[in-house]
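Respectively, the protein sequence lines represent chains A and B. Its first residue numbered 1, the first sequence is counted upward by one per residue in the numbering used here. Its first residue numbered 334, the second sequence is counted upward by one per residue in the numbering used here. These notes are about the structure you will find just below.
2 protein chains.
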Amino acid sequence: MNSVTIKDVAKKAGVSTATVSRVINNSPNVAEKTRQRILQIIENLGYTPHYYAKALITKKTYTIVLVLPPQKEFLYAEYFHRMFKGLSDIIWRKNFNLLIRQLTPDKDCEEVFSSLLADGYIIVAPLRNSEIIKYFETVNIPCVVINARPKNLAWVDLDNKKAGYVITNYLVRLGHRRILFLGGYKESQNTVDRLAGYRLALKENKIKFDENLTIYANYDRETAKRIIKEKLLHKERFSAVFACNDLMAAGVIEAVQEMHLSVPTDISVVGFDDSEIAKNFEIKITTYFQPFEEMGKIAAELLFEVMRGKTTRRQVLLSGELVIRESTARCNY
Amino acid sequence: MNSVTIKDVAKKAGVSTATVSRVINNSPNVAEKTRQRILQIIENLGYTPHYYAKALITKKTYTIVLVLPPQKEFLYAEYFHRMFKGLSDIIWRKNFNLLIRQLTPDKDCEEVFSSLLADGYIIVAPLRNSEIIKYFETVNIPCVVINARPKNLAWVDLDNKKAGYVITNYLVRLGHRRILFLGGYKESQNTVDRLAGYRLALKENKIKFDENLTIYANYDRETAKRIIKEKLLHKERFSAVFACNDLMAAGVIEAVQEMHLSVPTDISVVGFDDSEIAKNFEIKITTYFQPFEEMGKIAAELLFEVMRGKTTRRQVLLSGELVIRESTARCNY
DNA sequence: TTGTAAAATGTAAACGATTACAGAAAAGCA
DNA sequence: TGCTTTTCTGTAATCGTTTACATTTTACAA
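The following block contains the structure:
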């Protein structure tokens, strides 16, 4: 590999490695003439310091690890990519390296991390009761969590309750009273919080909460489709669906259409995320924009703050925005 | 960070660091009793070897660098994610680290790489005349290139000429004779090769190549839309469009519809990539599936072969597959 | 010219591991 | 028992840097 070392440079320049090291690190105490000469030699030899050797002694790796949750689909998910864009921008701009690691369900996290040297960690959407969070809560290594809110760590997250509230309120103002809440996983914190917002909005509008109108489809399009079809078959009455992602919203629309009803005339549908499918589906889907890119960006910035020791637990709650498209309309009964 | 070192273990066990090192590395020459005792102590102390120190001496980093081209949009692109999935699967399974780096237009590549120690590199879609390729062609560091075909390096790529041929042939067999070729960038090798396939198919079918039917829209949806509208306004005659990605195909469909024509009745449209938009667009788009995930997977496997010194320039050409959906039909005039 | 302070450079230990070589302990054998 | 062979363990150099401290060189004043 890169086999020219500081010693080669030193020898060629007729100085000690210490001096070379000093010019590399811009130490002030080195004669201008020497500095120029050494710089020239470095250039000629094509020398670059050995990252690991340097890290070994300075204990700075200039590496950030991005830790992803173990779900297989995660790497395909659009929100991940948008977040990644935000993150990487900041990290690369600072000339840090970015190392990615997806957790596996089996592997003990400590084993993975203690051998994965880095200056900081960004942990994305950890599972509930995830080992990693516990690990980072104890070890005092700089880290920032995205989409989870551990008490003692820095994090950035979407205000899901507010989002649920905004969406529901919007539908209510369109005249809808029987709004079906279509969650992801029942235990997913995102879903739980959005449901809370949904219920709050209902309450404020004096609409009674109906348990039959809360169902879960694991963020999966096909599941959503199946469930909604069943509901319609069983004559469950609702005039609007609030789906916890756009994929499920698409499934809902398909289901409605296959039951010979129409969106939005008969049933209004709202998605979540503002992903590509919402923009391009045959009926453009009304949805709630999540600022993923900004989340990534903020997480990275926050991490650098944590690494500088400025803070260890600044916690940032972001808002998204309702994007109204074609899948929602006034309730007409 | 992880501050328990091999010395701590050695001291606690009352042996030398050499012995501890031997048990860590499963050297056979260590008494079973000692091994067990040391293993126990390692466990208790939560010791893990320092990655960088180890790398420094063994010259193995267990790290692969994924090098991305400098286009900003790249990180958003769906094909990147699919590829990434294929890659990362293999790399993580082998317990290697995956480091991602996007090139910047300004930064000199050598500077970036010589300080970025790793065992191997995967270079994705390098720009024509890219510095990196030249660099890797000279330095003899294990690497594999995706979507480019440098003579002296290992690579994996799609057979774009064949793809162009297959698509064009399909359209011809539907009765289309005036097929508009909508390329990405004029200089992009992908576009060039697909165009070659297109021309070959025309030739074999005795259809004269018409220069006016070859245009470029930079892989951009809006540009495609604008250009097609213009063509239609100027009464350019064509019954089918072969677009070099699905995004442009979507733009084409929009243009056609806005000119009060219909897809596929009046004009057939074929996209490329088989991305989400092709599956979900209001008219499901006929397209050419690119096996991105497989490409990533093969690239990673190939890289490991190269690293083992088995080969340095195995070159793999993959085929995709035509996916017929709703945007194409028989030519009816 | 000499003395002193400041600036430049060198020496050597350290970072946390591995490993060739040497030395000690154990085992095998007569 | 003593000698040889095998197995186990320790010593110390090494990887490529940085940096505290020591030393040399330079600059300047008297």
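Virtual Cβ for every residue (Gly too), placed ideally from N, Cα, C.
Between the segment 391 to 402 of chain B and the segment 455 to 463 of chain B, the count of C-beta pairs closer than 8 Å reaches three or more; the two stretches touch. Membership of A/Thr214 in the beta strand (DSSP E) is indicated by the continuous run Thr214 to Tyr216. A/Ser275 and A/Glu78 do touch by the CB rule: their CB atoms are close to 5 Å apart, below 8 Å.
Annotation for B/Thr471: the continuous alpha helix (DSSP H) segment containing it runs Glu464 to Val472.
With contacts defined by Cβ atoms closer than 8 Å, A/Ile324 and A/Thr286 form a contacting pair.
Between A/Arg149 and A/Gln315, the gap from beta carbon to beta carbon is short of 8 Å. DSSP, read as helix, strand or coil, puts B/Asp553 in coil. Restricting attention to A/Tyr288, A/Tyr135 and A/Ile146, the CA atom closest to the CA of A/Met83 is found in A/Ile146. Between A/Pro142 and A/Ile133, the CB-CB gap reaches or exceeds 8 Å. Residues of chain B with a Cβ closer than 8 Å to the Cβ of A/Ala55 are, in chain order, Tyr385. Of all alpha-carbon atoms in B/Ile561, B/Gly419 and B/Cys577, the one lying nearest the alpha-carbon of B/His593 is that of B/Ile561.
Nearest C-alpha to A/Phe96 among A/Lys60, A/Glu131 and A/Asp106: A/Lys60. Close to B/Phe614, with beta-carbon spacing below 7 Å, are these residues of chain A in chain order: Asn280. A/Gly320 places its beta carbon less than 8 Å from that of A/Leu158.
Excluding its 5 nearest sequence neighbours in each direction, B/Leu651 has C-beta neighbours in its own chain below 8 Å: Val489, Asp490, Leu491, Asp492, Pro624, Glu627, Met628 and Ile631, listed in chain order. Per DSSP, A/Gly183 is one residue of the beta strand (DSSP E) stretching across Ile179 to Gly183. Any Cβ of chain A closer than 8 Å to the Cβ of B/Gln435 would place that residue at the interface, and such an atom is present. For B/Asn430, the neighbours in chain A by C-beta distance under 8 Å run, in chain order, Leu99, Arg101 and Leu116. In this model, A/Gln102 and A/Leu174 are separated by some 42 Å (Cα to Cα). Look at A/Ile277: its C-beta is under 8 Å from a C-beta on chain B. Taking 8 Å as the CB threshold, A/Leu303 stays off the interface with chain B. Relative to the Cα of A/Ala278, the nearest Cα in the group A/Asn332, A/Met248 and A/Arg22 belongs to A/Met248.
Annotation for B/Val589: Val596 and Ile600 place their beta carbon closer than 6 Å to its own, counting only its chain and skipping 5 residues before and after.
B/Ser421 belongs to the set of residues whose beta carbon lies under 8 Å from a beta carbon in chain A. In the same chain as B/Thr645, and ignoring 5 residues on each side of it, the C-beta atoms closer than 7 Å to its own belong to Ala487 and Val639, in chain order. Look at B/Lys418: its C-beta is under 8 Å from a C-beta on chain A. Close partners of B/His414 in chain A (Cβ separation under 7 Å): Leu75, Tyr76 and His81. At the C-beta level, B/Cys664 and B/Ser572 come within 8 Å of one another. Rounded to whole angstroms, the gap between the alpha carbons of B/Ile374 and A/Phe136 is 23 Å.
Residues Thr17 and Val20 of the same chain have their beta carbon placed closer than 6 Å to that of A/Ile6, with the five preceding and five following residues left out of the count. For B/Cys476, the pairing in a beta bridge is given by DSSP as B/Tyr454.
Taking CB atoms only, A/Trp155 has no neighbour in chain B less than 8 Å away. The beta carbon of A/Val144 sits closer than 6 Å to those of Ile122, Ala154, Ala299, Leu302 and Leu303, all from its chain and outside the five residues before and after it, given in chain order. Take the alpha-carbon of A/Ile91 and the one of A/Lys85: they are about 10 Å apart.
Nearest to A/Gly46 by C-alpha distance, out of A/Ser327, A/Val9, A/Pro70 and A/Ile100, is A/Val9. Using a CB distance cut-off of 8 Å, A/Ala250 counts as an interface residue toward chain B.
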